[in-house]
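Student:
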Amino acid sequence: MCGIVGYVGTRPALPFLLAGLHRLEYRGYDSAGIAVVTGGALEVYKEVGNLSRLQEMLAGVDLRGTTGIGHTRWATHGEPTTINAHPHTDCSGTIAVVHNGIIENCEQLRRELLARGHRFRSDTDTEVLCHLIEEYSDGDLFAAVAAAATKVIGAYGICVVSARHPDLLVAARNGSPLIVGVGNGENFVGSDVPAIAPHTQRVIYLDDGEVVAITPEGVQGVVGKADLSARVHAVGWEPGEIDRGDFPHFMLKEIHEQPQALARTISGRLVESEGDSHLGGLNMTPKELLDVQRVIIISCGTSWHAGLIGEYMLEETARVPVEVEYASEFRYRNPVVGRGDLVIAISQSGETADTIAAVREAQRRGARVLGIVNVVGSTIARLTDGGVYLRSGPEIGVASTKAFTGTLAVLFMIALHFGRQRHTSNAEGRIMVRALQALPDQMRQILAREAEIAELAARFVNGRNALYLGRGYSFPVALEGALKLKEISYIHAEGYPAAEMKHGPIALIDKDMPVVVVAPQDSVYDKVVSNIEEIRTRRGQVIAVATEGDTEIASKANHVIYIPQTLEILTPLLSVVPLQLLAYHVAVHRGCPVDQPKNLAKSVTVE
Ligand code: AGP
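The sequence shown maps to residues 3 to 609 in our numbering.
#1: Cα-Cα, which of LYS513, TYR470, ASP524 and SER491 is closest to GLU502?
#2: Indicate the three-state DSSP secondary structure (helix, strand or coil) for GLY309 in the structure shown.
#3: Taking the straight line between their C-alpha atoms, what separation do you get for ARG409 and GLU318?
#4: Rounded to whole angstroms, what is the Cα-Cα separation between SER231 and VAL182?
#5: Could you check whether the Cβ of ALA401 sits closer than 6 Å to any heavy atom belonging to the ligand AGP?
#6: DSSP three-state call for CYS108: helix, strand or coil?
#7: Can you find at least 3 beta carbon pairs, one from the region 15-22 and one from the region 58-77, that sit closer than 8 Å?
#8: Can the beta-carbon of THR68 be found less than 7 Å from the beta-carbon of GLY11?
#9: SER305: beta carbon under 6 Å from a heavy atom of the ligand AGP?
#10: Spell out the partners DSSP gives GLN543 in its beta bridges.
#11: Would you mind giving the Cβ-Cβ distance between ALA117 and LEU131, rounded to the nearest angstrom? I have them listed as a contact below 8 Å.
#12: Would you mind working out which of GLY340, VAL345, THR381 and ILE346 sits nearest ALA355, comparing C-alpha positions?
#13: Hey, which unbroken runs of the alpha helix (DSSP H) at 4 residues or more fall wholly within the region 314-349?
#14: Alpha carbon to alpha carbon, what distance is there between GLY309 and LEU583?
#15: Suppose you measure from the CA of ILE545 to the CA of LEU572; what does that come to, to the nearest Å?
#16: Can you give the Cα-Cα distance for LEU668 and TYR391, rounded to whole angstroms?
#17: Spell out a yes or no on whether the region 323-339 and the region 291-300 are touching, meaning 3 or more CB-CB pairs, one atom from each, closer than 8 Å.
#18: To the nearest angstrom, how far is the alpha carbon of ALA484 from that of ASP248?
#19: Is there contact here, the region 121-130 with the region 202-215, by at least three beta-carbon pairs under 8 Å?
#20: Spatial neighbours of ILE346 within its chain, please: CB distance less than 6 Å, with the 5 preceding and 5 following residues excluded, ordered by chain position.
#21: LEU471 bridges to which residues according to DSSP?
#22: Any heavy atom of the ligand AGP closer than 6 Å to the Cβ of CYS302?
#23: Could you give the DSSP three-state label for ARG538: helix, strand or coil?
#24: For the putative contact between ASP32 and ALA77, defined by C-beta atoms under 8 Å, what is the C-beta separation to the nearest angstrom?
#25: With DSSP as the reference, label GLU353 as helix, strand or coil.
#26: Taking C-alpha atoms, which residue in ASP92, GLU27 and LEU26 lies nearest to ALA37?
#27: Buried or exposed: which applies to PRO670, given that a residue is buried once 16 or more other Cβ atoms fall within 10 Å of its Cβ?
#28: Contact defined as beta carbons within less than 8 Å: I believe PRO499 pairs with ARG473. What is the distance between those atoms, to the nearest angstrom?
#29: Taking DSSP as the reference, what is the three-state secondary structure of GLN57?
#30: Would LEU60 pass as a contact of ALA34 if the rule is Cβ separation under 7 Å?
#31: At a cut-off of 6 Å, is THR354 close to the ligand NAP when judged by its beta-carbon and the heavy atoms of the ligand?
#32: Just curious, the alpha helix (DSSP H) that GLN444 is in, first and last residue?
#33: Return yes when the C-beta of SER532 is under 6 Å from any heavy atom of the ligand AGP, and no when it is not.
#34: Which same chain residues end up closer than 8 Å to THR357 when comparing Cβ atoms and leaving out the 5 residues on each side of it in sequence?
#35: Just list the residues that DSSP pairs GLY220 with in beta bridges.
#36: Determine, using beta-carbon pairs with one atom in the region 448-464 and one in the region 582-598, whether at least three such pairs fall under 8 Å.
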């Protein structure tokens with residue numbers, strides 16, 4: 003999940019490269035490097051560690067070249083060392099490559115190239131590409147990259163520059179995202195939109211198998227689909243949206259953005275008078291909706307937790323059977339899926355490799371696939387037969403927050419629409435519409451309690467384990483709360499259905515085991531309160547997320563974080579917010595790099 007940037011134009015490339023890498027650091031930070039074509043030579047600088055180490059190395063270096071590439075690494079092949087840092091170069095030191103992905107046949111290619119006299123410096127799969135391109139080079143860099151690409155098996159997004167081609171940048175994509183930013187007299191390449199958005203709103207998402215030659219004038223040569231100009235998308239992000247602003251971390255900014263992000267997600271998509279939602283991108287007629295016999299949701303991580311909530315929503319409103327699958331499991335287990343099934347792929351980035359592969363598998367077997375995606379024009383958005391964009395705005399923090407609640411809102415609107423085609427009355431639908439419209443303000447009420455939650459977080463700082471429990475709609479919320487805590491604070495946390503406590507986990511309960519119980523006043527409240535009593539009798543420390551006005555729970559739990567009352571089906575959009583803040587403040591108390599948690603990257607574009 004490395005970060006890649008490229009620039010070709012009339013200005014010095016270096017400032018763009020460094021600023022672009024800074025915006026992509028969430029994609030990997032084991033090492034960073036740049037290569038600039040300057041005065042007929044190739045200047046390469048790279049350093050292990052995060053971007054600041056490279057910036058120190060470049061302080062005072064005056065690079066004026068107007069063609070260059072950069073890379074921030076999430077190591078897959080080869081230890082994070084300076085030698086293994088990108089860019090890599092060929093034997094002559096005149097061709098430089100940066101790469102995101104994995105070359106699966108790299109060992110075979112390395113052996114062949116060694117036999118032809120090439121000399122390798124690093125342990126990486128990427129360096130194989132440099133020597134392969136060198137092997138095919140006969141003065142045409144674009145043709146050499148295109149020829150080399152035909153020999154490669156695996157996933158790659160690459161940028162290539164050569165000392166012999168000062169105004170040319172070649173990019174190629176197969177499985178790892180790569181975006182061309184179209185400027186005026188200059189053009190940009192990035193592995194994600196944040197690197198490009200400050201310079202242009204016009205982007206082209208490369209497709210698998212495409213190789214492009216980019217000059218200051220534009221995209222000149224394409225191997226793959228023709229007429230890229232017809233694929234220019236408007237990013238739709240304001241530059242300010244990808245800055246932290248006054249927040250110390252992107253994650254906190256995005257937690258606080260949720261009310262306005264949610265308002266944007268639902269804006270223009272609800273018709274209160276009809277008690278229904280209007281989601282044009284579904285591309286499904288009422289009859290097609292009625293013909294759906296089963297829904298299968300495929301996703302990963304936080305998006306999988308959202309899928310579990312979507313299952314409960316759809317089964318409650320539309321009475322259609324729903325299965326939720328890890329995309330990585332679905333794609334390999336010869337799934338029983340086909341016509342009559344509606345598959346919904348959920349992915350904030352739209353670039354998660356396992357989810358992309360699962361989409362392709364479902365389509366290959368004849369199912370219609372919808373996408374619930376945040377990034378406009380991303381691979382899953384373009385692959386699927388229809389879908390709904392979150393409109394949550396850029397989510398930079400590795401820990402997903404506003405995209406989770408945005409996804410729940412979209413799933414709710416899909417469930418509402420499905421339900422209105424089947425069993426939900428206009429009156430019921432109008433109640434649901436009004437409840438969703440009230441959520442942004444209710445979220446603000448919870449966010450106003452941040453200080454109380456931050457203080458509570460201080461009690462977790464030295465924790466080694468935590469348990470998150472919930473029933474019904476709150477069970478996936480418990481899973482999500484546990485994931486948030488473990489991925490940014492490195493405290494081991496598990497989410498469980500509350501009733502499962504007595505089937506094993508209760509053995510873990512003691513005074514050192516904090517237990518977070520999501521216990522809104524809903525149809526299973528009394529059962530959850532019983533679970534809290536079981537924990538307290540074993541001296542467990544209970545933090546409850548409860549409904550405002552619930553005085554009973556205050557006598558049962560050690561600490562209570564209150565949330566406003568809403569429909570049971572919408573409660574997860576509120577009950578998750580305290581858990582996001584709790585995880586964030588525990589991580590901050592522990593001095594963890596919240597936006598760049600170790601070993602993680604924002605978009606898992608490798609399998
Ligand atoms: C969530 O906080 C994690 N960053 C991770 O689980 C993420 O949700 C998962 O990788 C799926 O990403 P996607 O939604 O972009 O497909």
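Just so you know, even glycine gets a beta-carbon here, dropped at the ideal spot from N, CA and C.
Tutor: In brief:
#1: Counted from its first residue, the sequence shown places residue 502 at position 500. Closest option to GLU502, Cα to Cα, is TYR470.
#2: Walking along the sequence shown from the start, residue 309 turns up at place 307. Helix at GLY309.
#3: The residue you call residue 409 lines up with position 407 of the sequence shown. The residue you call residue 318 lines up with position 316 of the sequence shown. The sequence shown places Thr at residue 409, not Arg. Each residue's Cα considered, the two are about 17 Å apart.
#4: The residue labelled residue 231 in the question sits at position 229 within the sequence shown. The residue labelled residue 182 in the question sits at position 180 within the sequence shown. Cα-Cα distance, rounded: 11 Å.
#5: What you label residue 401 is simply residue 399 of the sequence shown in a count that begins at 1. Yes - the ligand AGP has a heavy atom lying nearer than 6 Å to the Cβ of ALA401.
#6: Counting from 1 along the sequence shown, the entry for residue 108 is found at position 106. Reduced to three states, the DSSP call for CYS108 is helix.
#7: yes
#8: Here the question's residue 68 lines up with position 66 in the sequence shown. Here the question's residue 11 lines up with position 9 in the sequence shown. The answer is yes: Cβ separation under 7 Å.
#9: Your numbering for residue 305 matches position 303 in the sequence shown. Indeed, a heavy atom of the ligand AGP lies less than 6 Å from the Cβ.
#10: Stepping through the sequence shown from its first residue, residue 543 is reached at position 541. Answer is PRO516.
#11: Numbered from its first residue, the sequence shown carries residue 117 at position 115. Numbered from its first residue, the sequence shown carries residue 131 at position 129. The pair is not a contact, with the Cβ atoms about 17 Å apart (cut-off 8 Å).
#12: Within the sequence shown, numbered from 1, the residue matching residue 355 stands at position 353. Residue THR381 is the option with its Cα nearest to ALA355.
#13: 329-332
#14: Here residue 583 refers to the residue found at position 581 when the sequence shown is read from its first residue. Here residue 309 refers to the residue found at position 307 when the sequence shown is read from its first residue. If you take the alpha carbons of LEU583 and GLY309, they lie about 22 Å apart.
#15: As a working note, residue 545 is residue 543 in the sequence shown. As a working note, residue 572 is residue 570 in the sequence shown. Straight-line Cα distance between these residues: approximately 21 Å.
#16: Residue 668 is absent from the structure shown; the chain starts at 3 and stops at 609.
#17: yes
#18: Against the sequence shown, residue 484 aligns to sequence position 482. Against the sequence shown, residue 248 aligns to sequence position 246. Their Cα atoms are separated by approximately 27 Å.
#19: no
#20: Position 344 of the sequence shown, counted from the first residue, corresponds to residue 346. For ILE346, where only same-chain residues beyond five positions count, the Cβ hits under 6 Å are ILE299 and LEU372.
#21: In the sequence shown, residue 471 corresponds to position 469, counting from 1. Paired residue(s): TYR498 and VAL519.
#22: Numbered from 1 along the sequence shown, position 300 holds the residue referred to as residue 302. Yes, Cβ of CYS302 sits closer than 6 Å to a heavy atom of the ligand AGP.
#23: Residue mapping note: residue 538 aligns to position 536 of the sequence shown, counting from 1. It is helical.
#24: Your numbering for residue 32 matches position 30 in the sequence shown. Your numbering for residue 77 matches position 75 in the sequence shown. Right, the Cβ-Cβ distance comes to about 5 Å (below 8 Å), so this counts as a contact.
#25: By 1-based counting over the sequence shown, the position of residue 353 is 351. GLU353 falls in the coil class under three-state DSSP.
#26: Residue mapping note: residue 37 aligns to position 35 of the sequence shown, counting from 1. With distances taken between Cα atoms, ALA37 lies closest to ASP92.
#27: Only positions 3 to 609 of the chain appear in the structure, and residue 670 is not among them; the question remains open.
#28: In the sequence shown, counting from the first residue as 1, residue 499 sits at position 497. In the sequence shown, counting from the first residue as 1, residue 473 sits at position 471. The Cβ separation is near 6 Å, so the contact holds.
#29: Translated into the one-based positions of the sequence shown, residue 57 becomes position 55. DSSP places GLN57 in helix when its eight states are reduced to three.
#30: Taking the first residue of the sequence shown as position 1, residue 60 is located at position 58. Taking the first residue of the sequence shown as position 1, residue 34 is located at position 32. Contact: no.
#31: By its list of ligands, the structure shown excludes the ligand NAP, since it contains just the ligand AGP.
#32: One-based indexing of the sequence shown puts residue 444 at position 442. Segment 428-449, the alpha helix (DSSP H) holding GLN444.
#33: The sequence position of residue 532 within the sequence shown is 530, counting from 1. Outside the cutoff, so no.
#34: As a first step, residue 357 must be located in the sequence shown, where it is residue number 355. Within the same chain, THR357 has close Cβ partners ILE300, SER301, CYS302, SER305, ALA329, ALA347, ILE348, SER349 and ILE382.
#35: For the purposes of this step, residue 220 is taken as the residue at position 218 of the sequence shown. DSSP output for GLY220 lists THR217 as bridge partner(s).
#36: yes
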